[in-house]
Amino acid sequence: MQLFLFPACVWDFDLEQLDNEKLSEIILEKEKTDSTVQISNVGGWQSNGSLHLDKRFNGVMNLVKENLLIVCSSQNYKKGVTFAINNMWASVNRYRDLNMKHLHGGSDWSWAYYVAVSKDSGGFVFCDPRVRRVTNQKEEFLKNFDNPSQHGEFKIVPNVGKLIIFPSYLEHYVEPNLTKQPRISISGNIYGFIKDE
28 MQLFLFPACV WDFDLEQLDN EKLSEIILEK EKTDSTVQIS NVGGWQSNGS
78 LHLDKRFNGV MNLVKENLLI VCSSQNYKKG VTFAINNMWA SVNRYRDLNM
128 KHLHGGSDWS WAYYVAVSKD SGGFVFCDPR VRRVTNQKEE FLKNFDNPSQ
178 HGEFKIVPNV GKLIIFPSYL EHYVEPNLTK QPRISISGNI YGFIKDE
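Be aware that the sequence shown starts at 28, since it is given in the numbering used here, and climbs by one per residue.
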């Protein structure tokens, strides 16, 4: 019998429902008027975390909530557990801009949605949280890396409309944008609570 111990589950959705060109326009306009927030970004621009209060982003929030139901259905949550987006921000990364390795403390789930992206604009890379596993990795023993349990890192190559939902504790970074086109994304955090019955 095979047991899966300590899995870190990530969900990757390709969606087509949103007007990404319009979202790009709104975000690029905000970039011109709002100062950047410095957290994990090296270069680039990041909005403050209050985008979830801006009605122009309701479509993004609804899409995240809809796909979060798929995530929650696999998690064996008790009846009455519900989730809310507690912050949300936009990022614009231009040539050589990146995000350093980080995690999202104080939340249960986090997500990233890609509004504008092109080839070579940088992957979204998850890091194995099992420190002992990473220090005992012997790549020379393996034929290939077909089994995700053998990765020290796992990269998702983004495309327009991709939504990634992941546990907030899972460290990740975003590779440098190697193109002249801006990489535009919207990210956020989700926390759970027990709804009063």
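By construction, the Cβ of each residue, glycine as well, lies at the ideal position given by its N, Cα and C atoms. Because the structure is a prediction, the values reported are computed rather than measured.
Tell me whether residue i is buried or exposed, calling it buried when 16 or more other Cβ atoms sit within 10 Å of its Cβ.
| i | result |
| --- | --- |
| phenylalanine 225 | Residue 225 is absent from the structure shown; the chain starts at 28 and stops at 224. |
| serine 101 | exposed |
| alanine 143 | buried |
| proline 34 | exposed |
| methionine 28 | exposed |
| valine 98 | buried |
| lysine 189 | buried |
| valine 87 | buried |
| glycine 132 | exposed |
| asparagine 103 | exposed |
| asparagine 89 | exposed |
Let me make sure I understand the geometry here. Which of the options has the alpha-carbon closest to that of residue i?
| i | options | result |
| --- | --- | --- |
| tyrosine 141 | His131, Ser51 and Asp155 | Ser51 |
| valine 91 | Ile213, Asp147, Asp155 and Ile183 | Ile213 |
| glycine 179 | Cys154, Ser195, Asp61 and Tyr200 | Cys154 |
| glutamate 43 | Cys36, Asn94 and Gln73 | Asn94 |
| proline 185 | Gln29, Ala35, Phe33 and Phe40 | Phe40 |
| phenylalanine 193 | Pro203, Pro156 and Val119 | Pro156 |
| isoleucine 211 | Lys128, Trp136 and Gly149 | Gly149 |
Since residue i is in the beta strand (DSSP E), which residue starts that stretch and which ends it?
| i | result |
| --- | --- |
| serine 212 | 210-221 |
| isoleucine 112 | 108-120 |
| isoleucine 192 | 189-194 |
At which residues does the alpha helix (DSSP H) containing residue i begin and terminate?
| i | result |
| --- | --- |
| threonine 60 | 47-60 |
| isoleucine 183 | Isoleucine 183 -> not in any alpha helix (DSSP H); beta strand (DSSP E) instead, spanning 180-183. |
| valine 87 | 85-100 |
CB residue i to CB residue j, shorter than 7 Å?
| i | j | result |
| --- | --- | --- |
| serine 74 | alanine 117 | yes |
| isoleucine 191 | alanine 139 | yes |
| lysine 128 | glutamate 202 | no |
| leucine 130 | tyrosine 196 | yes |
| threonine 60 | aspartate 147 | no |
| glycine 76 | asparagine 120 | no |
| serine 134 | asparagine 68 | no |
| valine 108 | isoleucine 221 | yes |
Going by the DSSP bridge assignment, what does residue i pair with across the sheet?
| i | result |
| --- | --- |
| tyrosine 200 | Val152 |
| alanine 143 | Ile211 |
| asparagine 126 | Asn68 and Val201 |
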